[in-house]
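K.L.:
Let me give you the structure first, and then I'll get to my questions.
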Amino acid sequence: MIESNDWLLKQINVVSEFLQKLFTDMETSRKLNENEQYQKDSFEFERLLENLIEEDRINDAENILFEKLETNNLMYATIATRFYDKLKGLSDEKLQKSNYSRDEILQGLNDMCDMFGLEIFKG
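Encoded structure:
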């Protein structure tokens with residue numbers, strides 16, 4: 002079980018790091034960070050997701066995130082990579098309390114890749 006968990010964590014890390022780099026580079030090239038409204042919207046949305054995580058409502062946070070991802074707004078793709086990065090750092094106890102799993106983290110990352118036409122990993 003420990004080896005399986007280690008493998009899963011490695012896969013989550015690989016996909017998460019790749020997406021962070023990809024979307025951050027794309028975001029930088031579009032100079033979205035120079036836009037004050039973008040920064041405000043980004044901060045408020047990330048804070049909403051963080052609050053839901055703190056309230057053990059990870060599934061609700063993920064559902065809201067995927068609704069926003071459907072808009073194809075690059076800001077939400079960047080936020081999504083940070084969201085999953087935050088989730089991978091949570092303890093197993095916190096995930097369990099939130100009725101969420103590491104398998105779901107990897108599945109969420111894969112679903113996000115599918116939305117953007119990326120085939121990185123299929124586990």
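To convert a position in the sequence shown, counted from 1, into this note's numbering, add 1. A virtual CB, placed ideally from N, CA and C, is assigned to each residue, including glycine.
#1: According to DSSP, is Y85 helix, strand or coil?
#2: What span of residues does the alpha helix (DSSP H) with R137 cover, start to end?
#3: I'd like to know if the stretch 54–62 and the stretch 92–104 are in contact, where contact means that at least 3 CB-CB pairs between them fall below 8 Å.
#4: What residues in its chain sit with their C-beta under 7 Å from that of E63, if we drop five residues either side in the sequence?
#5: Rounding to the nearest angstrom, what Cα-Cα distance links Q12 and K22 in this structure?
#6: Could you compute how far the alpha carbon of E120 sits from the alpha carbon of N6?
#7: Just to confirm my understanding: we take T82, look at its own chain, exclude 5 residues before and 5 after, and list those with CB closer than 7 Å. What are they?
#8: Please check the pair K89 and N14, which I expect to be a contact at CB under 8 Å, by giving their CB distance rounded to whole angstroms.
#9: When burial is assigned at 16 or more other CB atoms within 10 Å of the CB, is L53 buried or exposed?
#10: Between the C-alpha atoms of C114 and L70, what's the straight-line distance to the nearest angstrom?
#11: Can you give the beta carbon distance from L9 to D104, rounded, assuming they're within the 8 Å contact cut?
P.N.:
Reading it off the structure:
#1: Walking along the sequence shown from the start, residue 85 turns up at place 84. The answer is helix: DSSP assigns Y85 an H, G or I state.
#2: Nothing in the structure corresponds to residue 137, since the chain is present only between 2 and 124.
#3: Flag = yes, the stretch 54–62 and the stretch 92–104 touch.
#4: Taking the first residue of the sequence shown as 1, we reach residue 63 at position 62. Close CB contacts of E63 within its chain, under the 7 Å cut and outside five residues either way in sequence, are with G109 (chain order).
#5: By one-based count along the sequence shown, residue 12 stands at place 11. By one-based count along the sequence shown, residue 22 stands at place 21. Taking the straight line joining both Cα atoms gives about 16 Å.
#6: What you label residue 120 is simply residue 119 of the sequence shown in a count that begins at 1. What you label residue 6 is simply residue 5 of the sequence shown in a count that begins at 1. Going by the C-alpha atoms only, they are around 22 Å apart.
#7: The sequence position of residue 82 within the sequence shown is 81, counting from 1. Within the same chain, T82 has close Cβ partners S17, L20, Q21 and F24.
#8: What you label residue 89 is simply residue 88 of the sequence shown in a count that begins at 1. What you label residue 14 is simply residue 13 of the sequence shown in a count that begins at 1. Confirmed, about 7 Å.
#9: Here the question's residue 53 lines up with position 52 in the sequence shown. With 16 or more other Cβ atoms within 10 Å, it is buried.
#10: Translated into positions along the sequence shown, residue 114 becomes position 113. Translated into positions along the sequence shown, residue 70 becomes position 69. Taking the straight line joining both Cα atoms gives about 11 Å.
#11: As a working mapping, residue 9 is identified with position 8 in the sequence shown. As a working mapping, residue 104 is identified with position 103 in the sequence shown. Indeed they touch by this definition, with Cβ atoms about 7 Å apart.
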